[in-house]
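Trainee: Protein chains in written order, with my numbering: chain C, 53 to 172; chain X, 638 to 753. Encoded as structure tokens, here's the structure I'll be asking about.
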Amino acid sequence: AQSVAQPEDQVNVAEGNPLTVKCTYSVSGNPYLFWYVQYPNRGLQFLLKYITGDNLVKGSYGFEAEFNKSQTSFHLKKPSALVSDSALYFCAVRERWDYMIYNQGGKLIFGQGTELSVKP
Amino acid sequence: DAGITQSPRYKITETGRQVTLMCHQTWSHSYMFWYRQDLGHGLRLIYYSAAADITDKGEVPDGYVVSRSKTENFPLTLESATRSQTSVYFCASSESRDRSSADTQYFGPGTRLTVL
Numbered sequence: 053a054q055s056v057a058q059p060e061d062q063v064n065v066a067e068g069n070p071l072t073v074k075c076t077y078s079v080s081g082n083p084y085l086f087w088y089v090q091y092p093n094r095g096l097q098f099l100l101k102y103i104t105g106d107n108l109v110k111g112s113y114g115f116e117a118e119f120n121k122s123q124t125s126f127h128l129k130k131p132s133a134l135v136s137d138s139a140l141y142f143c144a145v146r147e148r149w150d151y152m153i154y155n156q157g158g159k160l161i162f163g164q165g166t167e168l169s170v171k172p
Numbered sequence: 638d639a640g641i642t643q644s645p646r647y648k649i650t651e652t653g654r655q656v657t658l659m660c661h662q663t664w665s666h667s668y669m670f671w672y673r674q675d676l677g678h679g680l681r682l683i684y685y686s687a688a689a690d691i692t693d694k695g696e697v698p699d700g701y702v703v704s705r706s707k708t709e710n711f712p713l714t715l716e717s718a719t720r721s722q723t724s725v726y727f728c729a730s731s732e733s734r735d736r737s738s739a740d741t742q743y744f745g746p747g748t749r750l751t752v753l
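What follows is the structure, given as structure tokens:
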């Protein structure tokens with residue numbers, strides 16, 4: 053069964069330091085991978101996605117993520133954290149269409165979420 | 638550009654009552670989804686729809702009913718609410734143009750439902 057794991061419930065970083073939020077996945081075949089961010093009392097906002105090609109994906113707000121097929125990981129990174137980056141981050145995976153019945157659509161499997169706290 | 642909206646944003650109801658949560662999107666996306674968010678469980682898919690009049694169960698469909706008579710609307714009904722259905726509910730939509738695409742899901746602001 054496909055799954056996504058975010059091994060850290062919380063990550064604490066000082067402002068200006070680099071940050072990493074970890075994600076590992078398990079799916080059949082090559083996955084499509086996503087990162088979303090959720091600010092308090094808000095819906096999820098899309099940050100970036102990996103489909104194919106370059107293993108380093110750049111997204112919104114200075115975030116990037118590195119796809120590592122051998123380690124089945126898709127860690128979210130930012131070179132210099134901001135206090136405003138404090139939020140809940142979700143990794144998600146979706147199977148490629150080739151492995152799915154058409155009407156099943158692009159369902160996402162989400163990780164548990166990681167609370168990022170950036171202190172001044 | 639309204640995007641995707643949900644109503645109500647907050648709802649308190651009692652056990653056994655019927656509750657309908659509304660979701661409306663202005664993008665004419667084909668796919669729509671309902672998730673619930675609970676501490677320790679992340680987001681779990683309740684139901685989804687590939688197009689008008691096409692719906693299917695997700696991971697946790699029990700106790701919920703959906704319909705999709707129009708592309709832009711995807712209401713979620715709790716026929717007889719239970720306390721275990723206290724949660725935050727998110728609607729999302731996406732447009733999948735072909736089998737090789739990986740279209741992003743866009744989320745509404747959520748509905749916080751409390752069942753007493």
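Virtual Cβ for every residue (Gly too), placed ideally from N, Cα, C.
Short of 8 Å in beta carbon distance, which residues of its chain neighbour residue 60 (chain C), apart from the five on each side in sequence? Order them along the chain.
Mentor: 73, 74 and 166
Trainee: Residue 657 (chain X) CB to nearest chain C CB: under 8 Å?
Mentor: no
Trainee: Quick check: is the beta carbon of residue 745 (chain X) nearer than 8 Å to any beta carbon in chain C?
Mentor: yes
Trainee: Please list, in chain order, the chain X residues whose beta carbon lies closer than 8 Å to that of residue 164 (chain C).
Mentor: 677, 678 and 679
Trainee: Look at the alpha carbon of residue 52 (chain C) and the alpha carbon of residue 108 (chain C), and state the distance between them as a whole number of angstroms.
Mentor: This structure gives no information on residue 52 (chain C), because the portion of chain C shown stretches from 53 to 172.
Trainee: For residue 744 (chain X), count neighbouring C-beta atoms within 10 Å of its own C-beta (all shown protein chains included) and say buried if the count is 16 or more, exposed if not.
Mentor: buried
Trainee: So residue 168 (chain C) contacts chain X; which residues on that side make the cut at Cβ distance below 8 Å?
Mentor: What residue 168 (chain C) touches in chain X: nothing, since even the nearest Cβ is about 15 Å away.
Trainee: State the beta-bridge partners of residue 128 (chain C) as determined by DSSP.
Mentor: C:73 and C:117
Trainee: Could you tell me which chain C residues have their CB closer than 9 Å to the CB of residue 682 (chain X), listed as they occur along the chain?
Mentor: 159, 160, 161 and 162
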